[in-house]
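Numbered according to the working numbering, the sequence shown spans residues -9 to 311.
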Amino acid sequence: MKKTVVLTMGDPVGVGPEIVVRALASTALRRRARPVVVGDVGVLERVASLLGRRLPRGVEIVSASRLDAAALSPGRPTGESGAAMIGYIDEAVAMVKDGRADALVTAPISKEAAKKAGFAFPGHTEYLAHLTGAKEYCMMLGGPRLRVVLATIHAPLRRVPELITRAGLVRTLRLIDRSFRRYFAVERPRIAVAGLNPHAGESGLFGDEEARIIAPAIRNARRQGIDAEGPLPGDTVFFRAAASEFDCVLAMYHDQGLAPLKLIHFEDGYNCTLGLPIIRTSVDHGTAYDIAWRGKASAASLAAATRLAVSMAEAAGGNFP
């Protein structure tokens, strides 16, 4: 039986509606899974018309808002559009939790629009954790050749050393190990752990975080049966992972992990939240207001995220506890 995947439309005035319309046109997607869209049917119809397309027959669209599509200004978020995109998330998560869908795929939302709507959470992932009751979770971005988890996410570089802790690294390594076993059918995941400093500190010459924090965390994880290796120099570890030596790299900060990832998977990368009790994948890009509704947005990342969600659901069997 096909897995049901619920896709949120994302920010109505961003590229979300366009990439959803493009993704729904894929017969390959509809052959493998049953897509359901949570969004605004009027907005989707308007965007489809601008693209010279029609929404495909037989695809269920749950209209969770009633925006005046003709009055919306692409690229200009409002409190109304922000509230709508949050409502799409609420409805889609409820569908997965109560068994109406097997996995969730999210189109991008905007922090600016969320703020205008009075949204109290720092981001998309934190809100999903709140809705599902998850206490420990992390962000993984990837593609066919490289998968990267971030130890810290959106933090100033000067704060990264203080945010990296032994306990936090061990928790993240456990999440990676458990998630790869369940959702990626990897019997013994091989996890590379990047160092923080140049040459992974080079025996303390360029910093002591490797010896003081990262290496002890790796030893702790290995005692728990986790195949973690490192700390490894950041200038070579991603090459080794892309050559299939590792299943995943744990990077210490945002640009350390995402610069090499996007060099390889700029078009076909995906985002996946590990640690949630539901399957959630997403695109690896933002709302791209500058090209919203102009026929320029690529749906490659959304297609990759949807394929991943289907394969994760197939590997896991059941979903929400």
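Built from N, CA and C at the ideal position, the CB exists for glycine as well. All figures in this text were calculated on a predicted structure; none of them were measured in a lab.
Endpoints, beta strand (DSSP E) assigned at residue i
i     : result
M129  : C128 to G132
T96   : A93 to T96
K(-7) : K(-7) to T(-2)
P206  : Looking at the DSSP string, P206 is not in any beta strand (DSSP E); the run it does join, the alpha helix (DSSP H), is A205 to R213.
R270  : R270 to V273
E50   : E50 to S53
From the options, residue whose alpha carbon lies closest to that of residue i
i     : options                  : result
G132  : P67, V300, D237 and A211 : D237
R137  : A293, I154 and V239      : V239
A232  : R202, P98 and I181       : I181
R321  : A13, A91 and R66         : Nothing can be reported for residue 321: it is not among the residues displayed for the chain, which extend from -9 to 311.
K(-8) : I9, D1 and P25           : P25
A303  : A205, A93 and F111       : A93
A54   : I9, A13, D1 and G89      : D1
P179  : R171, L186 and G185      : R171
G17   : A175, G307, V83 and R47  : It is worth fixing the name first, because residue 17 is Thr in this sequence and not Gly. For T17, the nearest C-alpha among the options comes from R47.
E152  : G77, V139, L186 and V176 : L186
Whole-Å CB distance - residue i paired with residue j, under 8 Å assumed
i    : j     : result
I51  : T(-2) : That belief does not hold up - the Cβ atoms of I51 and T(-2) are roughly 12 Å apart, past 8 Å.
L45  : M130  : Actually they do not touch by this definition, with Cβ atoms about 31 Å apart.
P267 : A124  : 6 Å
Y173 : A306  : 6 Å
L34  : V(-4) : About 15 Å separates the two Cβ atoms, so there is no contact after all.
I208 : V176  : With a Cβ gap of about 19 Å, I208 and V176 do not count as contacting.
Coarse secondary structure for residue i, derived from DSSP in three states
i    : result
A233 : coil
D1   : coil
D167 : helix
R44  : coil
G220 : strand
A241 : strand
G32  : helix
F310 : Note on F310: pLDDT 48, under 50, position unreliable in the model; the coordinate value appears next. DSSP places F310 in coil when its eight states are reduced to three.
L83  : A small fix is needed here, since residue 83 is Val in this sequence, not Leu. Helix at V83.
A295 : helix
A181 : A small correction: the amino acid at residue 181 is Ile; Ala does not occupy that position in the sequence shown. Residue state, collapsed to three classes: strand.
P250 : helix
V176 : coil
Element boundaries [alpha helix (DSSP H), containing residue i]
i    : result
L153 : V150 to L153
N187 : It is not in any alpha helix (DSSP H) - N187 carries neither H nor E in the DSSP assignment.
R12  : G6 to L14
L136 : Where L136 is concerned, there is no enclosing alpha helix (DSSP H), given that its DSSP letter is neither H nor E.
L121 : H114 to T122
L264 : That residue, L264, is in no alpha helix (DSSP H); its beta strand (DSSP E) goes Y260 to L264.
T17  : T17 to R22
E102 : K101 to K106
Min CB distance residue i to chain C below 8 Å
i   : result
R47 : Structure shown: chain C not included; a single protein chain is present.
Checklist entry - Is it a yes or a no for the segment 120 to 133 touching the segment 221 to 228, going by three-plus beta-carbon pairs under 8 Å? => result no
Next on the checklist: For the pair the segment 165 to 173 and the segment 270 to 283, tell me if three or more CB-CB distances fall below 8 Å.
Outcome noted: no
Next on the checklist: Quick check: the segment 143 to 163 against the segment 281 to 298, are at least 3 beta-carbon pairs closer than 8 Å?
Outcome noted: no
Checklist entry - Is it true that the segment 3 to 15 meets the segment 88 to 104, where meeting means three or more beta-carbon pairs spaced less than 8 Å apart? => result yes
Checklist entry - Quick check: the segment 289 to 304 against the segment 251 to 269, are there 3 or more CB pairs under 8 Å? => result yes
Item to check | Stretch pair the segment 101 to 115 + the segment 65 to 78: three plus CB contacts closer than 8 Å | outcome: yes
Checklist entry - How about the segment 197 to 204 and the segment 147 to 160: do they share at least three Cβ pairs that are nearer than 8 Å? => result yes
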